[in-house]
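Going by numbering that gives the first Met the number 0, the first residue of the sequence shown is number 0, and it counts up by one from there. Note that the Cβ used here is the ideal one computed from N, Cα and C, for glycine as well.
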Amino acid sequence: MSPARSAFLLAGLMASAGVAHFVAPQQFDSIVPRSLPGSPRTWTKASGVAELALAAGLALPATRGVSARVTALFLAGVFPANVKMAYDWRHRSTSARAVAYARLPLQVPLILWARHAGTRDVRRVDGADG
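Laid out in structure tokens, this is it:
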């Protein structure tokens, strides 16, 4: 898949996640690490705004490269929330635990996706060298 198409799809995912932070904030409030200062709702709203801004940046070719790198860093930065969720859900049903635990390794392909989305589209012309 081309980096441009990949960036557009990732922008959709980030925008959906950003909107979800405002539509159903309770689910995000509950996974904000307690060690962060301030209220969980403030962190939920801030991360929602960040995801919407990153989505916009990924969608625009002029800002795609920088936005993709920042998206990769953002995805790495929210990993502690996924760890907290997995820990907090350790006594829930098997299916709930599976969801929480599956989020942990999922961050790696998401980060790699963001990195790919920021690369330039390089298309070879027939007969071109190397």
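Check: Within a Cβ cutoff of 7 Å, which residues of the same chain sit near Ala67, ignoring the five residues on either side of it in sequence?; Outcome: Ala6, Leu57, Ala113, Arg114, Ala116 and Gly117
Check: So the candidates are Leu8, Pro24 and Lys83; which of them puts its Cα closest to the Cα of Gly47?; Outcome: Pro24
Check: Flag this pair as yes or no: are the beta carbons of Phe21 and Ala80 separated by less than 9 Å?; Outcome: no
Check: Taking 8 Å as the limit between beta carbons, can you name the residues of its chain near Val124, skipping five residues before and five after?; Outcome: Residue placement at Val124 is flagged as unreliable, the pLDDT there being 47, under the threshold of 50; the coordinate-derived value follows with that caveat. If we look at Val124 and ignore the five residues flanking it on each side, it has no Cβ neighbours.
Check: So is Pro108 buried or exposed if we call it buried at 16+ other beta carbons inside 10 Å?; Outcome: exposed
Check: Can you tell me whether Pro104 is helix, strand or coil according to DSSP?; Outcome: helix
Check: Would you kindly check if the distance between the Cβ of Leu53 and the Cβ of Gly76 is under 9 Å?; Outcome: no
Check: Considering Cα atoms alone, identify which of Arg40, Ala49, Asp87 and Pro60 is closest to Trp15.; Outcome: According to the sequence as given, residue 15 is Ser; it is not Trp. Ser15 has its Cα closest to that of Ala49, out of Arg40, Ala49, Asp87 and Pro60.
Check: Let me confirm a value: Arg102 is counted as buried when at least 16 other C-beta atoms fall within 10 Å, else exposed. Which label applies?; Outcome: buried
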